[in-house]
Amino acid sequence: MAISILLVAGCASFAFPTAGPLVGLLTLSISVSVFVAVQPLFWTFPTGYLADRAKAGGIALIGTGNLGGFVAPNLKVWADMHFHSQRAGLYVLATVTVLCAGLISVTNTGPPPALE
C-alpha cells in the first residue's frame, strides 16, 4: 500500500514543475498530502521486519533520515545550478521519490508479523 501511495506522490511531483497554476497546485497538494501520510508507515518497517536488538538499530537508522531536511534543499540547489534550470531540482527530488518506492517494493516481502 505504501509503495503505490509513494509512487503516486512521485508521479505528481514529476507533473508539478511544468503544469499550469491550477494543475500545479493540485499536483503539489497531492504530493505533500502523500508525503505526510506515508511518513508514519516507515516507523513500522524496523519493528515489523527486524528481530530484537536490530529493531533499535533500524529505528536509529530511520532517525538519521532527519538529515533529509538538510540534504534535499541542497540537492535541489545543486541540480538547479548544475543543469541550469529551475525545474531540474524538482525533477531530481521526484526521481528520488520514485526510486525510494522502488526500493521499498524490492525489500517488501509481505505484511509484517502481528504486533505483540
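Add 104 to the 1-based position in the sequence shown for my numbering, that's all there is to it.
Think of the CB as a built atom: it goes at the ideal place given N, C-alpha and C, for glycine as much as any other residue.
Note that the structure is predicted; figures quoted are calculated from it, not measured.
- Of R191, V210 and L197, the smallest CA-CA separation from G173 is found for L197.
- By the criterion of at least three beta-carbon pairs nearer than 8 Å, the segment 144 to 154 is in contact with the segment 163 to 170.
- Around the beta-carbon of S135, 16 or more other beta-carbon atoms lie within 10 Å, marking it buried.
- The alpha carbon of F120 has as its nearest neighbour, out of G161, G193, V175 and S108, the alpha carbon of G193.
- Classified as buried, V142 has 16 or more neighbouring CB atoms from the shown chains inside 10 Å of its CB.
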